[in-house]
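Residue 2 is where the sequence shown starts when you use my numbering, and the numbers rise one by one after that.
Since the structure comes first, as structure tokens, the remarks are kept for the end.
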Amino acid sequence: MSLANASDFASLTGGEQILPSPVFPINAAQPEALVASTSANFDFYVLSQSWQPYFCTTGNFQGCRNPTPYMSTKLTIHGLWPNNEQGPNPADCGGSSLTQGDINSVGADDVAQYWPDVKTGGWTFVSNEWDKHGTCS
Numbered sequence: 002m003s004l005a006n007a008s009d010f011a012s013l014t015g016g017e018q019i020l021p022s023p024v025f026p027i028n029a030a031q032p033e034a035l036v037a038s039t040s041a042n043f044d045f046y047v048l049s050q051s052w053q054p055y056f057c058t059t060g061n062f063q064g065c066r067n068p069t070p071y072m073s074t075k076l077t078i079h080g081l082w083p084n085n086e087q088g089p090n091p092a093d094c095g096g097s098s099l100t101q102g103d104i105n106s107v108g109a110d111d112v113a114q115y116w117p118d119v120k121t122g123g124w125t126f127v128s129n130e131w132d133k134h135g136t137c138s
């Protein structure tokens, strides 16, 4: 079943419900670390979340054709962004690129569930978020 419109989603979930935020279990036992820029200064992180059933109404995206039960009923991660109280927020700071090995080290299944790439069904979204925001943290 695809989530073509909001009424499809309402019938899928039975109407209103409380949506818990995702908890992303990171495997802390992995010694490898991505290298981010050390020059970026920021004041706090913003956890940005996405409501995939609505996002899926904005286009015909590959990942929306067969939505997972998780993304159909819960908020998913859009990104964790370094931000500043005032002035511009850091972005595109350089450093290591995200690889498939990096995704595998934290658990590819967890990334796919909690941080889905509904546009392509792959890892492009997560990789772009790392390049834009993760390299600054």
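Here a beta-carbon is modelled for each residue, glycine too, at the ideal position from N, C-alpha and C.
As the structure is a prediction and not an experimental result, all values here were calculated from the model.
Counting along the chain, W131 sits inside the alpha helix (DSSP H) bounded by residues 125 to 133. Separation of F56 and N42 (C-alpha to C-alpha, rounded to the nearest whole angstrom) is 31 Å. In the displayed model, N105 falls within a helix according to three-state DSSP. By the C-beta density criterion, P70 is exposed, having fewer than 16 other C-beta atoms within 10 angstroms. Our two residues, N84 and G135, have alpha carbons roughly 11 Å apart in a direct line. Below 8 Å, enough C-beta pairs join the segment 48 to 68 and the segment 79 to 96 to call them touching: three or more.
Under the DSSP assignment, F56 falls in the alpha helix (DSSP H) whose first and last residues are 53 to 56. Cβ atoms of V112 and Q53 stay farther apart than 8 Å, at about 15 Å. By the criterion of a C-beta distance shorter than 7 Å, A92 is surrounded in its chain by K133, H134, C137, once the five residues flanking it on both sides are discounted. With respect to the 8 Å criterion, G64 and G122 are classified as neighbours on the basis of their beta carbons. Put simply, of T59, G60, Q87 the residue whose alpha carbon is nearest the alpha carbon of D44 is Q87. Inter-residue distance for L76 and Y115 is about 8 Å (C-alpha atoms, whole angstroms). From the listed residues P89, C94, V127, the smallest Cα separation to D103 is found for V127.
P68 sits buried, since 16 or more C-beta atoms from the chains shown fall within 10 Å of its C-beta.
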